[in-house]
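To start, the structure under review is shown below, and the notes come after it.
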């Protein structure tokens, strides 16, 4: 009798568990379809929710290749969905059917921290990775005249890692697609070879880990991690100029990987030669590979970008709306995305379909393309640096020599005059300076223009060049 009652309870428990799994999967599907359509379309059918134990939701994936990809590239989106549908903080873990069965039998939620399912140590290159967005793929990258070379070279890197272009150095202003290309390379390489030891981190993370390793006496582990990977991808490498000791370490890391024929991909706000205080030997090595620039998107490319972003977010846009947005925003991709977000927000607030009239309402505070307020901080810095024949990032450095300080002051003056950024924002861009420094620069240049014919001519010529670029 007791045994029969126990069996009945067990069957009821299994029935409820199956029902909860079905409900959970249906809820996850609804959320992901609404918020992450690409993931839902390509990956959702591959997962099967298991159980939630100790705040950990296991999602079972049949194929090892797909499991590795989902773990590397889709974890944040599934975690967000799990927390949204359960209403509590949930950790998501992708597991194989075998691992899930072992965990169910043992009653544990995860393998022991720091170990793999078979009891071995996790490879160190899995730690401290930057998140790879599943939205950043070659398919979603809009190609135009300003990024054609960089896109083609990125594709070649995927086809022949370590042989086509290594190092591959991408440079350009903020919000122009450098990170998108880096992550497209990472995703394509991992899809082609999930076992690849790919390390994708920011330059700041590299420097932080270096200093922590020095303090902890773990430099052997640090070097083993970065000098044995198959592909090293570092974003914002220009920050390397901050520290000579870190440059020394990266120089040897670069050489070790290059001698082994491994792939190196780097991104920066400036060309290697324009990165201030970067050692000449690093400049020459960075420039020895393919250096590709990404520029501001042209009008046609901006229209295509708006349409692509609309498809990604499942927005139905009339043809005149992307054209209007592209005519209003000509600075970078992030601002195009911001404009589209504002339009979507206004449409939702008014419970109205997106039309040209609604888009104009949403963007009514946005300056018209071609007006002085569409000039960007990066464009000002670029033109000023070229005019005064100084390196682009020297203006952003801490150097106070007259040959650098005067161009910097001119740049701050023009930024205040031609953009809508606050004093604090301008100071932040120009090397993390405070608002009083910007205010002093504006007052200084304003006074000198009235008394110095040469400076007045300089500023006028720089403004003319900025208008031509616009």
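In my numbering, the protein residues as written are 3 to 472.
No residue lacks a Cβ here, since even glycine has one placed at the ideal position from N, Cα and C.
Since we're looking at a predicted model, the values are computed, not measured.
| Query | Result |
| --- | --- |
| Backbone secondary structure at residue 138 - three-state DSSP | coil |
| Residue 311, buried or exposed, once every other Cβ within 10 Å from all chains shown has been counted against 16 | buried |
| Span of the alpha helix (DSSP H) around residue 345 | 335-352 |
| Distance between beta carbons of residue 354 and residue 360, contact taken as under 8 Å | 6 Å |
| Cβ neighbours of residue 275 in the same chain (closer than 8 Å, five flanking residues each side left out) | 285, 289, 393 |
| Continuous alpha helix (DSSP H) assignments of at least 4 residues falling wholly in the region 202-269 | 205-218, 221-229, 246-261 |
| Residue 20 burial status per 10 Å Cβ neighbour count (16 or more: buried) | Caution is warranted here: a pLDDT of 43 is assigned to residue 20, below 50, making its placement in the model unreliable, and no coordinate value can be reported. |
| Residue 95 - containing beta strand (DSSP E), residue span | 93-97 |
| Neighbourhood of residue 414 by C-beta distance below 7 Å, restricted to the same chain and skipping five residues each side | 428, 432, 440, 443, 444 |
| Residue 5 - DSSP class collapsed to helix/strand/coil | Residue placement at residue 5 is poorly supported in this model, since its pLDDT is 41, which falls under 50; the coordinates still yield a value, given next. In this structure, residue 5 counts as helix in the three-state DSSP scheme. |
| Selected residue, minimal CA-CA separation from residue 205, among 237, 258, 180, 345 | 237 |
| Any 3 or more C-beta pairs closer than 8 Å across the region 265-284 and the region 137-152 | no |
| Beta-ladder partner(s) of residue 191, from DSSP | Bridge partners of residue 191: none, in fact. |
| Inter-residue spacing [alpha-carbon to alpha-carbon] between residue 469 and residue 403 | 29 Å |
| Buried versus exposed call for residue 163 [16 or more other C-beta atoms within 10 Å across all chains shown] | buried |
| Beta-ladder partner(s) of residue 174, from DSSP | 296 |
| Cβ neighbours of residue 121 in the same chain (closer than 7 Å, five flanking residues each side left out) | Legend: pLDDT at residue 121 = 39, less than 50; position of this residue unreliable, no value from coordinates given. |
| Under the three-state DSSP convention, the category residue 388 falls into | helix |
| Sub-9 Å separation of residue 395 and residue 278 beta-carbons | yes |
| Neighbour-count burial assignment, residue 460, 16 or more Cβ in a 10 Å radius | buried |
| Distance between residue 47 and residue 93 (C-alpha atoms, nearest Å) | 20 Å |
| Local Cβ density within 10 Å of residue 379, reported as buried at 16 or more and exposed below that | buried |
| Simplified DSSP state of residue 186, which is helix, strand or coil | helix |
| Every unbroken alpha helix (DSSP H) within the region 400-430, with a cutoff of 4 residues, ordered by chain | 404-420 |
| Backbone secondary structure at residue 51 - three-state DSSP | strand |
| Simplified DSSP state of residue 145, which is helix, strand or coil | coil |
| Classification of residue 71 by the beta-carbon crowding that lies within 10 angstroms, buried from 16 upward | buried |
| Run of the beta strand (DSSP E) containing residue 59, from where it starts to where it stops | 58-63 |
| For residue 467 and residue 533, the rounded distance between their alpha carbons | Here the chain has residues from 3 to 472 only, and residue 533 is not among them. |
| Element boundaries [alpha helix (DSSP H), containing residue 303] | 301-314 |
| Straight-line Cα distance separating residue 269 from residue 226 | 23 Å |
| Under 9 Å between C-beta atoms of residue 308 and residue 324 | yes |
| Residue 356 beta carbon less than 9 Å from that of residue 345 | yes |
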